[in-house]
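The structure appears right after this line, and notes come after that.
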Amino acid sequence: MKKKIIAVIMTVTLAATVLTGCKYRITDQTVEDEVAEALATAEAEWNAKYEAEHVARLAAEELVAQNAAEEAVEIEAPDESVMTESALNEEVTIEATAADDTGNTELAAPEVDPFQIVFMGDSIFDSVRDETGIAYMVGNTLGADVYNLSIGGTCAGVTREKSTAFETWTEPNFTGIVYAMEGKVARSIVDGYKSGEVMAGLNPSKTDYFIIQYGTNDFLSYIPIGAADIAGQYYFYYSTALLTGIRELKANYPNAKIIVCTPYYEQFWSADRSRFIGDVHSVNNGFGTLLDYINCARDVAVMEGCECLNMYELMAIDTYNCEKMTEDGIHPNQEARAKYAGLLIEKIKEMEYMRMLEEATDETN
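Using this note's numbering, the letters of the sequence shown correspond one by one to residues 15 to 379.
Rendered as structure tokens:
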């Protein structure tokens, strides 16, 4: 039985749309232009803010270290008056004691594989990678090696103008990341991203947990949830793209566990935050609301026998506390990231406990 060590966003805004009943629908080109402008502005502000916070944190740590060095107490030099030549030259005799190896047996050190977790998702996992990031907190608490392959702005599926032939694949979506990890498509699709550096050092066969989180960008990119007849076009639909990626992981890494995290409650605002457009329940992209995508992710996880963390329910973000828990209606702030990480940590601990019970039962049978 292998023993494992356990101590165990994309900034987007959806502009106002034509009111239909009690729901908004995204239809005209003017609105799409506004969405693109809002997205670019908010993304730049998001990156600048976290870069500034990171620089400030490093400066503060350097100042603390400098102050500590200045306040260090100097060690007094020994009194040379007592360090006489005779004392230094005095011979000290130590009687050797015969070694007794009775009962001693040389034992080989047990081989222990590091506990390994791979994250795949969008900016919810990618945008903050310091000690307050979700992936970092999970790995640090569980004593795990974490490989964060998430890329902000990415989807589970792809839009129809993208190539889905392995030899010409360019999109770093969920299935693209899985295929690149396996070498089925060129790893150049992650060049320029932090996940590309991370993937270079990853041995996916040693993974204990794959954590998957997609959906918001599929909704915002107008990727359909599904269709009655997809005619083999698996990558162009949210449900089948998610399903395809999960099945690929299960087939190639059968010993790894998979946890699917759904999006949580989100609100959509204009780029300057002056106009509220709608939320997870009211904004409809023509294929459904974000809540419909959330329910789809849950259903796919259940169908594939994966664990599902329904963050829409578990994070308990709603109309009243969304501003308190998010940076912009979508991306979690530090408090929300800590809560999100805590939910993942507890789920993994629970799953590891069940795994150990199963292994103990197998050994007694």
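For glycine and all other residues, C-beta sits at the position ideal for the given N, C-alpha and C.
DSSP links Cys275 through a beta bridge to Leu323. In this chain, the beta strand (DSSP E) harbouring Met134 covers Gln130 to Gly135. Counting only residues of its own chain and dropping the five nearest sequence neighbours on each side, Leu328 has a CB closer than 6 Å to the CB of Leu357.
CA-CA distance, Met365 to Gly147, rounds to 22 Å. Within the segment 307-354, the runs of alpha helix (DSSP H) that reach at least 4 residues and sit entirely inside it are, in chain order, 325-328 and 336-339.
Per DSSP, Gly259 is one residue of the alpha helix (DSSP H) stretching across Tyr252 to Asn266. Nearest to Ser296 by alpha-carbon distance, out of Ile165, Gln281, Glu211 and Lys338, is Gln281.
Annotated three-state conformation of Val199 is coil, per DSSP. Asp144: not part of any beta strand (DSSP E); DSSP gives it neither H nor E. Put simply, of Ile131, Tyr161 and Phe188 the residue whose alpha carbon is nearest the alpha carbon of Thr168 is Phe188. The continuous stretches of alpha helix (DSSP H) do not include Phe224, which lies in the beta strand (DSSP E) extending over residues Tyr223 to Gln227. With 16 or more other CB atoms across the displayed protein chains lying within 10 angstroms of its CB, Lys361 is buried.
When rounded, the separation of the alpha-carbon atoms in Gly210 and Asn379 is 45 Å. In this model, Gly206 and Lys338 are separated by some 33 Å (Cα to Cα). For the set Gly259, Gly171, Ala194 and Glu175, the Cα lying nearest the Cα of Glu181 is the one of Ala194. Secondary-structure assignment with DSSP links Trp283 through a beta bridge to Phe290. Cβ neighbours of Glu196 within its own chain (closer than 8 Å, five residues either side excluded): Pro218, Glu262 and Asn266. Following the DSSP letters along the chain, one finds Val212 inside the alpha helix (DSSP H) bounded by residues Lys208 to Ala214. In the DSSP annotation of this structure, the continuous segment of the beta strand (DSSP E) that includes Asp159 starts and ends at Asp159 to Asn162. Shown here, Thr303 sits in a strand according to DSSP, grouped into three states.
Annotation for Asp136: Ile23, Met24, Ser164, Ile165, Gly166, Gly167, Thr168, Cys169, Gln227, Tyr228, Thr230 and Asn231 place their beta carbon closer than 8 Å to its own, counting only its chain and skipping 5 residues before and after.
DSSP places Asn298 in the strand class (E or B) of the three-state scheme. Pairing Pro186 with Val199, the inter-Cα distance amounts to about 10 Å.
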